[in-house]
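So the structure is just underneath, and the comments pick up after that.
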Amino acid sequence: MGCTCEHGAVAEGCRIRELPDGSREFVLDDPALASIQIDRQSTLNFGRTEVVIGSPFVLERDGLVHHLSPLRPAGLGPLVALYPGSARWLWTSAEGALTVVFDDGARLTVPPHPVDPAWSVGNVVARSGPEPPA
């Protein structure tokens, strides 16, 4: 079961660099974290780019590892504490995990989900499941 990403050459508010190992780097036009929205998903706004988290994720900061879920908003304090901040690097692995590294060293990782989209960056949406037929 692999992860496929649907996207154009440019996501809204960022450029996408395809890397030799099959991963993708998102180069944000504005890396400053402008806001965080919490509802049934968690949305981080970097200028015109929305990073949406729709499944459980891990946030590592100051030597602590937090296992978080957008569906448990009462436990999202460590995510909210990222504001204000700036993203240093945002990329997806070839396997479909999304990682955001912040200037202060915090690392947010969203692994692929077997059924639901785990994350999106602008118009790029992670979809887990079998590869579509050619």
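Position 48 (the sequence shown) corresponds to 106 in the numbering used here; numbering is contiguous.
Ideal Cβ positions, reconstructed from N, Cα and C, are used throughout, including at glycine.
Note that the structure is predicted; figures quoted are calculated from it, not measured.
One thing to note: Val179 has its Cβ within 8 Å of the Cβ of Phe84. The segment 110-128 makes no contact with the segment 142-149, as fewer than three CB pairs between them are under 8 Å.
By the criterion of a C-beta distance shorter than 7 Å, Phe160 is surrounded in its chain by Leu140, Gly143, Ser144, Ala145, Arg146, once the five residues flanking it on both sides are discounted. CA-CA distance, Pro136 to Arg130, rounds to 12 Å. With contacts defined as CB atoms closer than 8 Å, Ala92 and Gly112 fail to qualify as a contacting pair.
In the DSSP assignment, Val138 falls within the alpha helix (DSSP H) that extends over 135-138. By the beta-carbon neighbour count (other beta carbons within 10 angstroms, threshold 16), Pro78 is exposed. Shortest Cα-Cα distance from Ala184 to any of Ile96, Asp88, Glu153 involves Glu153. Within the same chain, Leu117, Pro136 come within 6 Å of His124 by CB-CB distance, once the 5 residues on both sides are set aside. Comparing alpha-carbon positions, the option among Asp88, Ser81, Ser100 lying closest to Leu166 turns out to be Ser100.
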